[in-house]
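Student: Those sequence lines, one after another, are chains A and B. All residue numbers for the first sequence refer to this note's numbering, where the first residue is 132 and numbers rise by one. All residue numbers for the second sequence refer to this note's numbering, where the first residue is 2 and numbers rise by one. Virtual Cβ for every residue (Gly too), placed ideally from N, Cα, C. The model shown is predicted, which means the values in this text are computed figures rather than measured ones.
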Amino acid sequence: MTTTTHRLLGAALCLALGATAACGNDDDDSDAAGPSTTSAESDLEGTITVFAAASLTDAFGEAAEEFMGDHPDVTVELNLAASSALREQILAGAPSDVFASANASNMDQVVETGAAEDPEILVRNALEIVVPAGNPAGVDGLDDFADPDLLIGLCAAEVPCGDFGREALANAGVTPAQDTDEPDVRSLLTKVAEGELDAGIVYRSDVLAAGDTVAGIEIPEDVNVIAGYPIATLTGSGAPEVADAFVEYLLGDEGQAILASWGFDTT
Amino acid sequence: MVRPRRRGRARPPWALVPLAGLALAFLVIPFAALLQRVPWSTLADHLSQPVVTEALRLSLVSAFAATALSLIGGVPLAWMLARTDFPGRSLVRALVILPMVLPPVVGGASLLFAFGRRGLLGGPVYDATGFLLPFSIWGVIAANTFVAMPFLVVTVEAGLRSADRRYEDAAATLGAGRWTTFRRITLPMAAPSIVAGAVLCWARALGEFGATVTFAGNLQGRTQTMPLAVFLALESDREAAIALSLVLVAVSLAVLVPLRDRWLAS
Chain A
132 MTTTTHRLLG
142 AALCLALGAT
152 AACGNDDDDS
162 DAAGPSTTSA
172 ESDLEGTITV
182 FAAASLTDAF
192 GEAAEEFMGD
202 HPDVTVELNL
212 AASSALREQI
222 LAGAPSDVFA
232 SANASNMDQV
242 VETGAAEDPE
252 ILVRNALEIV
262 VPAGNPAGVD
272 GLDDFADPDL
282 LIGLCAAEVP
292 CGDFGREALA
302 NAGVTPAQDT
312 DEPDVRSLLT
322 KVAEGELDAG
332 IVYRSDVLAA
342 GDTVAGIEIP
352 EDVNVIAGYP
362 IATLTGSGAP
372 EVADAFVEYL
382 LGDEGQAILA
392 SWGFDTT
Chain B
2 MVRPRRRGRA
12 RPPWALVPLA
22 GLALAFLVIP
32 FAALLQRVPW
42 STLADHLSQP
52 VVTEALRLSL
62 VSAFAATALS
72 LIGGVPLAWM
82 LARTDFPGRS
92 LVRALVILPM
102 VLPPVVGGAS
112 LLFAFGRRGL
122 LGGPVYDATG
132 FLLPFSIWGV
142 IAANTFVAMP
152 FLVVTVEAGL
162 RSADRRYEDA
172 AATLGAGRWT
182 TFRRITLPMA
192 APSIVAGAVL
202 CWARALGEFG
212 ATVTFAGNLQ
222 GRTQTMPLAV
232 FLALESDREA
242 AIALSLVLVA
252 VSLAVLVPLR
262 DRWLAS
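1. Roughly how many whole angstroms lie between the Cα atoms of residue 125 of chain B and residue 118 of chain B?
2. Hey, does residue 188 of chain A have any beta-carbon neighbour from chain B nearer than 8 Å?
3. Using the Cβ count rule (16 or more neighbours within 10 Å means buried), how would you classify residue 335 of chain A?
4. Grouping DSSP H, G and I as helix and E and B as strand, with all else coil, what is residue 389 of chain A?
5. By alpha-carbon positions, which one of A:372, A:180 and A:341 ends up nearest to residue 403 of chain A?
6. Do the stretch 45-64 of chain B and the stretch 176-194 of chain B meet, that is, are 3 or more Cβ pairs less than 8 Å apart?
7. For residue 303 of chain A, go through chain B and note every residue whose CB falls closer than 7 Å to its CB, in chain order.
8. Could you say if the stretch 235-242 of chain A and the stretch 370-381 of chain A meet the contact criterion of at least three C-beta pairs nearer than 8 Å?
9. Can you have a look at residue 225 of chain B and say buried or exposed, based on whether 16 or more other CB atoms are within 10 angstroms of its CB?
10. Comparing the C-beta of residue 159 of chain A with each C-beta of chain B, is any distance below 8 Å?
11. Let me see if you follow: with CB-CB separation under 8 Å, is residue 298 of chain A close to chain B or not?
12. Give me the Cα-Cα distance between residue 186 of chain A and residue 134 of chain B, rounded to the nearest whole angstrom.
13. Contact check, residue 370 of chain A vs residue 178 of chain A under 8 Å by CB: the rounded distance?
14. Where does residue 29 of chain B fall in DSSP's three states?
15. Would you report the Cα separation of residue 364 of chain A and residue 245 of chain A, rounded to the nearest angstrom?
16. So which residues of chain B does residue 314 of chain A contact, with C-beta pairs closer than 7 Å?
17. If residue 337 of chain A sits next to residue 320 of chain A, beta carbons under 8 Å apart, how far is it from one beta carbon to the other, in whole angstroms?
18. List, in order along the chain, the chain A residues whose C-beta lies closer than 7 Å to that of residue 113 of chain B?
19. With DSSP as the reference, label residue 348 of chain A as helix, strand or coil.
20. Threshold first: 4 residues or longer. Then list the alpha helix (DSSP H) segments lying entirely within the stretch 29-89 of chain B, N to C.
21. What number of angstroms, rounded off, separates the C-alpha of residue 120 of chain A from the C-alpha of residue 249 of chain B?
Right under this line is the structure:
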């Protein structure tokens, strides 16, 4: 019986001390590469890991599928998180081939260290107020963000959507009475879609991505903040040809059309 | 004649030593690397920031509250699992362990579906009273309890199972009622495992991140515990994040080191 105790405690300790990272395995390492059907036209092959801002989740998911369809020997893996978290991972040496950030500053810091060169603006994205479908709290503008009786969410000041959101609120002269600073834009969107929050500030593309579960309220142009998303191939890429081709694809007509269909401004 | 060796001091087979050493190194090296990054000269400045002191206070309060709640409900639950026989007991045990093995984010989302403003139970309660668990310290405590209580239940159940039941039988034979037997015999015999379980539960609650941020949100001074503060500090101020991590490591070690072998081995 002592062994049982030991075993159970071992498992318990492992979980207690390591949280999920050490003991659980929630990484999805499954290799998405199917049987390699060699195409005569495609000369590209290899696997690239694309680090992209959380707000690009759906658009990059579709673009990666299309790109892999065009190049059967290519696998595009997406690592989606807050741009600032991605920047930290890149600076810490995480293997990555392409970086798409939701703001300039995270890209600038990566460029400064020489990990990326010559970023280009991929898309632009305006901010929008997001409310649960039907707008049960009757929110109609940024002024409502000062109402302590409403449940208000923002992105944390450390991530781009939180930075821009605060800038827009400051432009409108509103001091927000928020109830939570969410660590990334998608977790904020989820809480609004679930009706747990009355309103939040996210990107226009996020409102579109959430579909019928939420509604968007425009932020007037004179106070709105437009995010530019820079993208660059990373200098440490193990497959620079593939990485460059994917970036070009995104900047080209097909890629831009996909991004536009997800609510991004591709002017 | 062979002399009996002293128990517990047996020499290991040599092959085990390097493997044990490797395993230990793997567990310890990351913390050594963390220590090597600590900005010692500015440490005091970082740790006196309100964001740190408020997060530490919230973490300690919610971890202790979660441990207290887990003791109140978890010890009886462990007793049920160890001492009674009912149909579906292994299913119940599996359900109790579930929060230990699931990603905490899943736990947090499930808590939201149950106790959120539009949740199964949370909805009617909110409509009737206006009380809301998410975005408050109560939500943090609920998330911590949900994730940490299984550690206590599992540990105490194992302790109860390994305890010699003849003492309980003797007490019953001598006329002690069931409640007296539980209070005077069972509880004292299970005490080491209860202490060990409570410490593990507390330590798990202190480090809770995923369920807390998903269910209770993140607001400095209200729901931002140490792990949340570390996560966000990593995105803006790495030195502050490392200083915060050092505090978590120190506090956890201070609690875990006194956890004696005896308690783990019962």
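Tutor: Let me lay it out:
1. 8 Å
2. no
3. buried
4. helix
5. Shown here, chain A extends from 132 to 398; a query on residue 403 of chain A therefore has no answer.
6. no
7. Correct list: empty, because the minimum Cβ distance to chain B is about 21 Å.
8. no
9. buried
10. Confidence is the limiting factor: at residue 159 of chain A the pLDDT is only 39, short of 50, which leaves the residue's position unreliable, though a coordinate-based value still follows. Not closer than 8 Å to any Cβ of chain B, the Cβ of residue 159 of chain A fails to qualify, so no.
11. no
12. 28 Å
13. 7 Å
14. helix
15. 11 Å
16. 214, 219, 232 and 233
17. 5 Å
18. 325 and 327
19. strand
20. 44-48 and 51-84
21. One cannot answer for residue 120 of chain A here, as it falls past the ends of chain A, which runs 132 to 398.
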